[in-house]
Amino acid sequence: MPSWQEFQPFIVTGLALGGVYALSGVGLVVLYQATGVVYLAFGAVGATGALIAWSLISVSLPGWLAWLVCIAFSGALTLGYGMVFGPLLARRTPLVKATATLGLLLILYGAMDLLWTTSGGEVRSLTLPTDAHKFSIAGVQITYTQLIGLVIGVVITLATAAFLRSTKLGTAMRAMANDREITATLGVPVRRVEAAAWLGCGVLAGIAGLLLADMVALDATTLTFLVISSLAAALIARLRSVTLTFAAALLVGLVQNLMVPIPSLSNYNNMAPFVLAVLALLALSRRSVIALSREEV
Amino acid sequence: MLDVAGRTASAPQPGSLLRRPSPGALIRTVVIVVLVLFTLLALPQLLSLYYVDYMTQVAVYAMVALGLGVLVGRVGLMSLGQIAVLSVGAWSAARLLFGTSQPFPLVLVEAGLITMVLGTVLLLPALRLRGLYLALITLMLASAVYVVLLTLNFPNGGHGFTGYNGNQIHIPPIRRPSIATSDPAYFRYAVVVAVLMFALVAIHIRTRPGRAWAAIRQSEPAALAAGINTTLYKLWAVALASFVTGVAGGVLAGAVHYLYSDDFPAYTSITILAVVLMGGAYSLWGAIVAALLMQLLPALLNNWGVSNDWLTILFGIGVVFTLTTAPRGIAEQFPKDMARLGGLLVRLVRRGKPGPAGTPEPVSAPAPAAASEAEAP
Amino acid sequence: MIEVENLTVRFGGVTSLNRMSVSFESGTCGLIGPNGAGKTTFFNVLSGFVRPAGGSIRAFGDDLLSIVHYRRARWGLRRTFQTEQAIEELSVYDNVALVHEHAGKSGGSRRADVLDAISFVGLDADPAAKVGGLGVGQRRMVEVARAVVGHPKLVLLDEPAAGLPDAETSGLADVIRQIPARTGALTILVDHDMSLVSACCDTTAVLDFGELIASGPTAQVLRDERVMRAYLGTAEVG
Numbered sequence: 072m073p074s075w076q077e078f079q080p081f082i083v084t085g086l087a088l089g090g091v092y093a094l095s096g097v098g099l100v101v102l103y104q105a106t107g108v109v110y111l112a113f114g115a116v117g118a119t120g121a122l123i124a125w126s127l128i129s130v131s132l133p134g135w136l137a138w139l140v141c142i143a144f145s146g147a148l149t150l151g152y153g154m155v156f157g158p159l160l161a162r163r164t165p166l167v168k169a170t171a172t173l174g175l176l177l178i179l180y181g182a183m184d185l186l187w188t189t190s191g192g193e194v195r196s197l198t199l200p201t202d203a204h205k206f207s208i209a210g211v212q213i214t215y216t217q218l219i220g221l222v223i224g225v226v227i228t229l230a231t232a233a234f235l236r237s238t239k240l241g242t243a244m245r246a247m248a249n250d251r252e253i254t255a256t257l258g259v260p261v262r263r264v265e266a267a268a269w270l271g272c273g274v275l276a277g278i279a280g281l282l283l284a285d286m287v288a289l290d291a292t293t294l295t296f297l298v299i300s301s302l303a304a305a306l307i308a309r310l311r312s313v314t315l316t317f318a319a320a321l322l323v324g325l326v327q328n329l330m331v332p333i334p335s336l337s338n339y340n341n342m343a344p345f346v347l348a349v350l351a352l353l354a355l356s357r358r359s360v361i362a363l364s365r366e367e368v
Numbered sequence: 000m001l002d003v004a005g006r007t008a009s010a011p012q013p014g015s016l017l018r019r020p021s022p023g024a025l026i027r028t029v030v031i032v033v034l035v036l037f038t039l040l041a042l043p044q045l046l047s048l049y050y051v052d053y054m055t056q057v058a059v060y061a062m063v064a065l066g067l068g069v070l071v072g073r074v075g076l077m078s079l080g081q082i083a084v085l086s087v088g089a090w091s092a093a094r095l096l097f098g099t100s101q102p103f104p105l106v107l108v109e110a111g112l113i114t115m116v117l118g119t120v121l122l123l124p125a126l127r128l129r130g131l132y133l134a135l136i137t138l139m140l141a142s143a144v145y146v147v148l149l150t151l152n153f154p155n156g157g158h159g160f161t162g163y164n165g166n167q168i169h170i171p172p173i174r175r176p177s178i179a180t181s182d183p184a185y186f187r188y189a190v191v192v193a194v195l196m197f198a199l200v201a202i203h204i205r206t207r208p209g210r211a212w213a214a215i216r217q218s219e220p221a222a223l224a225a226g227i228n229t230t231l232y233k234l235w236a237v238a239l240a241s242f243v244t245g246v247a248g249g250v251l252a253g254a255v256h257y258l259y260s261d262d263f264p265a266y267t268s269i270t271i272l273a274v275v276l277m278g279g280a281y282s283l284w285g286a287i288v289a290a291l292l293m294q295l296l297p298a299l300l301n302n303w304g305v306s307n308d309w310l311t312i313l314f315g316i317g318v319v320f321t322l323t324t325a326p327r328g329i330a331e332q333f334p335k336d337m338a339r340l341g342g343l344l345v346r347l348v349r350r351g352k353p354g355p356a357g358t359p360e361p362v363s364a365p366a367p368a369a370a371s372e373a374e375a376p
Numbered sequence: 144m145i146e147v148e149n150l151t152v153r154f155g156g157v158t159s160l161n162r163m164s165v166s167f168e169s170g171t172c173g174l175i176g177p178n179g180a181g182k183t184t185f186f187n188v189l190s191g192f193v194r195p196a197g198g199s200i201r202a203f204g205d206d207l208l209s210i211v212h213y214r215r216a217r218w219g220l221r222r223t224f225q226t227e228q229a230i231e232e233l234s235v236y237d238n239v240a241l242v243h244e245h246a247g248k249s250g251g252s253r254r255a256d257v258l259d260a261i262s263f264v265g266l267d268a269d270p271a272a273k274v275g276g277l278g279v280g281q282r283r284m285v286e287v288a289r290a291v292v293g294h295p296k297l298v299l300l301d302e303p304a305a306g307l308p309d310a311e312t313s314g315l316a317d318v319i320r321q322i323p324a325r326t327g328a329l330t331i332l333v334d335h336d337m338s339l340v341s342a343c344c345d346t347t348a349v350l351d352f353g354e355l356i357a358s359g360p361t362a363q364v365l366r367d368e369r370v371m372r373a374y375l376g377t378a379e380v381g
């Protein structure tokens, strides 16, 4: 059993990764609440944005501009998808809506391999300047990137929770999660609220893409499917509570990373998010009520 | 319930308890027998070895698509992790083929059974979850299985439970049945296995489970009210799909001789869902269309120097397109579109030709409709 | 004879049924009440889709709540739903035969029982025709046929007349009236069409806010002041 010292760096990476999972999870939950869509293409969008940023940086564009392009791209693409396919699929079940985003995932996945191929063994990396700066707490080294990962997670969670509770737009989103039809008849500009949710989610995808590209790897496959871990956190929170998503995301990040220094568990650490999600979902369904509505998830 | 895979008039219908002979059934059976015979006897002669290899993959993935079709098209359950199921079947078969000297068919059945047990055990607690959550759980489970397989690795002739020896220099190939060691012969073997799996599924559809699945897909509460044990029948569908996919994994093991975790990446589960939706999840022909899309098109593209990525993009577009406009999938929509196009062309041609004075404009509908009826049995 | 005692159902913070007690004696019984009164919730408890927080239901001497939901059809429970749920991809015959099959009835008498049920409800469609191709009225009758096949004990009809034109509603009334005599089943009819309820039901119970507020001979109940007050502001009663 490793010592406390050996665990410490993994607590840091766990919290940092957890922060980014939280950031992604919150994006997924808010979009689901407002539109009924589980945005499975979240990771792919962020990955594409990160690769675009990489390309811009490699032609000597200043870093901050490249990141802005990444975020803007992710936001615009997500908004575009939402505005076209949101209305087209509005009447379908959440399952159909989620499956459609898999189509977007495939399109982006193919495009990424086409434009940024790895068949020649290329390994790309994205480094944020905050990687270089470190500080220590109780003998543990933390890079500023890791700190940002956690802090952004906290900030986004708090901001989103406050937004949902206090602003008109946020309240409208919560109302739509309950019953879209009634909300529309109350005079809420449903289309505009949805657009805001899509755009916000896309922006978060871009930010998450950059952070994960730095913290994990700038690899299309890795980044695209990391969404599953963020989704695990969102599922533990039943796709409902933003604060629960944050807590779940930190838990997932920590468990995943704390398994690494333990020799017998190390190989299985990437399973942690999935196992946790499955356990949470099964616990959630213990008291099943058979709903008669076709719109039930 | 999943309303994605629409029903086609030409797909196998749940067998009616009212026994009445269907005139189209005889023609359909004859067409199928002819096609199967052609595939078994003539096709390997006509194709180069390059294509025979790919067609064997088509046979394998037709079975995977078949299993997924049962889940998605017949019962309304969505699985986002069928490739993980395939990998379990392939792993089990490889382990048995290396570790025992059992005959190949027996190994296939055992691989199917192992996969079936694992699939039902893992999914049983999840079956009370509704559509979206069930789909996401399959995604989670599949991802977990992938991590386990990455650690376990695929058997390569070593000893111990995993059958994997990391230090092995000479890795023996996975054996094939003694009657089918050459590639064309193994292709035929694979086709025979596939035909058996399709028959197995068809029998299910035409008897009691098929009717129960139809009821569950229409409305689970109404099915319960009719006395149907929905959990049992859903589990039955999962068991059937897992068994068929497990057998497919066994055939895959023999086809490729060497298995690696890289052979079963996550996005393949999504790709297979995409092609099943495009081909039509309800119709059995849809499974074959799906496999052709997934395995044969890349072969053609490779020949023409076009990257497979375009195919991935196409499948992505196909998913979105199918879900928004043509829920029945290409297997039904394409003949209909072609029929409409054909009708349009015929009308254009007829309008161009001046007929004798007083001849009314002929009605051109029957011919294209008959063509679409005969095309997809 | 169905005896319901202190049935309580809660969904989150809402109490759908509040210690409801009612008895249904025999024949065709109506169950009415304003929207949200708990009528469909009550049916869902009978079907086994909703687990009550408290209370009991004795049906023909059996403790209905202790039977697993999918086994209640075998016991003798049948039901129609507010939005019709006939299976589109199966034929009329198979829709009805499915219930017969899974309610544990013997295969020997199946053909006779099924065709009998189809003709009893007056459905003039070809039994081999796919339900998907039928009109709304015919689909409803398929559902009613499913509800009467195979000697049921308790038949629940949830707004069977919804969406039907008047001519078909009166045909439906004739069929419903005959169900107890033909099958020996106790029938409970929920509907908002008071003329249908008056025409078919000898006795009627009235729910409001999850509680029983009146019960007795239909004509008497429909004139009851408490019932009229419960429906205040909605369509006239009787």
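These protein sequence lines map, in sequence, to chains A, B and C.
The first sequence begins at 72 in my numbering and counts up by one.
The second sequence begins at 0 in my numbering and counts up by one.
The third sequence begins at 144 in my numbering and counts up by one.
Backbone N, C-alpha and C fix where the C-beta goes; we use that ideal spot for every residue, glycine too.
Q.
Only counting the same chain, and skipping five residues up and downstream in sequence, which positions put a Cβ closer than 6 angstroms to that of glycine 181 of chain C?
A. Ser159, Leu160, Leu350 and Gly353
Q) At what residues does the beta strand (DSSP E) containing alanine 348 of chain C begin and finish? A) 346–351
Q. Between arginine 127 of chain B and serine 356 of chain A, is the Cβ-Cβ spacing less than 7 angstroms?
A. yes
Q) Between the segment 170–189 of chain A and chain B, which residues of the former have CB atoms less than 7 angstroms from a CB of the latter, in chain order? A) Thr170, Ala171, Leu173, Gly174, Leu175, Leu176, Leu177, Ile178, Tyr180, Gly181, Ala182, Asp184 and Leu185
Q.
Please classify histidine 294 of chain C as buried or exposed, where buried requires at least 16 neighbouring CB atoms within 10 angstroms.
A. exposed
Q) Between which two residues does the beta strand (DSSP E) containing proline 297 of chain B stretch? A) From DSSP, proline 297 of chain B is part of no beta strand (DSSP E) but of the alpha helix (DSSP H) over 296–302.
Q. Taking Cβ positions only, does arginine 129 of chain B come closer than 7 angstroms to chain C?
A. no
Q) Where do the ends of the alpha helix (DSSP H) carrying methionine 330 of chain A lie? A) No alpha helix (DSSP H) contains methionine 330 of chain A, which DSSP labels as neither H nor E.
**Q.** Contact check, valine 292 of chain C vs aspartate 345 of chain C, beta carbons under 7 angstroms
**A.** no
Q) Within 7 angstroms (strictly less), CB to CB, does arginine 384 of chain C reach chain B? A) Not covered by the structure: residue 384 of chain C. The range shown for chain C is 144 to 381.
Q. For valine 152 of chain C, which residues does DSSP report across the bridge?
A. C/Leu160
Q) serine 159 of chain C versus chain B: which residues are under 9 angstroms apart at the beta carbon? A) The premise fails here: serine 159 of chain C is roughly 17 angstroms from chain B at the closest Cβ pair, so nothing lies under 9 angstroms.
Q: Please state whether DSSP places proline 360 of chain C in a helix, a strand or coil.
A: strand
Q: For the alpha helix (DSSP H) holding threonine 324 of chain B, just list the boundary residues, first then last.
A: Per DSSP, threonine 324 of chain B belongs to no alpha helix (DSSP H) and is neither H nor E.
Q) alanine 118 of chain A by DSSP, collapsed to three states: which one? A) helix
Q) Is the segment 266–280 of chain A touching the segment 88–99 of chain A, taking contact as three or more C-beta pairs under 8 angstroms? A) yes
Q | Neighbourhood of glycine 156 of chain B by C-beta distance below 8 angstroms, restricted to the same chain and skipping five residues each side | A | Phe97, Gly162, Asn164, Gln167, Ile170 and Pro171
**Q.** Cβ pair count under 8 angstroms reaching 3, the segment 337–347 of chain A against the segment 140–156 of chain A
**A.** no
Q: With a cut-off of 8 angstroms on the beta carbons, I'd call glycine 89 of chain A and valine 323 of chain A a contact; round off their distance for me.
A: 6 angstroms
**Q.** Where leucine 132 of chain A falls: helix, strand or coil (DSSP)
**A.** coil
**Q.** Backbone secondary structure at proline 355 of chain B - three-state DSSP
**A.** With a pLDDT of 46 at proline 355 of chain B, under the threshold of 50, the modelled position of this residue cannot be trusted; read the value that follows with caution. Three-state result, proline 355 of chain B: coil.
Q: Return the first residue and the last residue of the alpha helix (DSSP H) that leucine 48 of chain B is part of.
A: 48–68
(Q) Using 7 angstroms as the threshold, is the C-beta distance between alanine 110 of chain B and alanine 92 of chain B below it? (A) yes
Q. Which residues in chain C sit within 9 angstroms of serine 86 of chain B, going by Cβ to Cβ distance?
A. Result: empty, since nearest Cβ-Cβ is about 33 angstroms, beyond 9 angstroms.
Q. So, does the CB of isoleucine 82 of chain B fall closer than 7 angstroms to a CB anywhere in chain C?
A. no
Q.
In the DSSP output, which residue or residues are listed as bridge partners for threonine 223 of chain C?
A. The partner list for threonine 223 of chain C (beta bridge, DSSP) is empty, contrary to what the question assumes.
Q: Name the two residues that bound the continuous alpha helix (DSSP H) containing lysine 182 of chain C.
A: 182–190
Q. Using a beta-carbon distance cut-off of less than 8 angstroms, what residues from the segment 122–148 of chain B approach chain A?
A. Pro124, Ala125, Arg127, Leu128, Arg129, Gly130, Leu131, Tyr132, Ala134, Leu135, Ile136, Leu138, Met139, Leu140, Ser142, Ala143, Val146 and Val147
(Q) What are the residues in the segment 270–299 of chain A lying within 9 angstroms of chain B by C-beta distance? (A) Thr292, Thr295, Phe296 and Ile299
Q) Whose C-beta lies closer than 6 angstroms to the C-beta of alanine 240 of chain B among residues of the same chain, with five residues either side of it excluded? A) Gly66, Val69 and Leu70
Q: Could you give the DSSP three-state label for proline 73 of chain A: helix, strand or coil?
A: coil
Q.
Just verifying my parser: in three-state terms, what is the DSSP assignment at alanine 351 of chain A?
A. helix
Q | CB contact check: serine 356 of chain A to chain B, cutoff 7 angstroms | A | yes
**Q.** arginine 201 of chain C, DSSP secondary structure in three states
**A.** strand
Q: Determine the extent of the alpha helix (DSSP H) in which valine 211 of chain A is found, giving its start and end residues.
A: Unbroken run through valine 211 of chain A is the beta strand (DSSP E), 211–214; no alpha helix (DSSP H).
Q | Buried versus exposed, by CB contacts within 10 Å (16 or more), glutamate 168 of chain C | A | exposed
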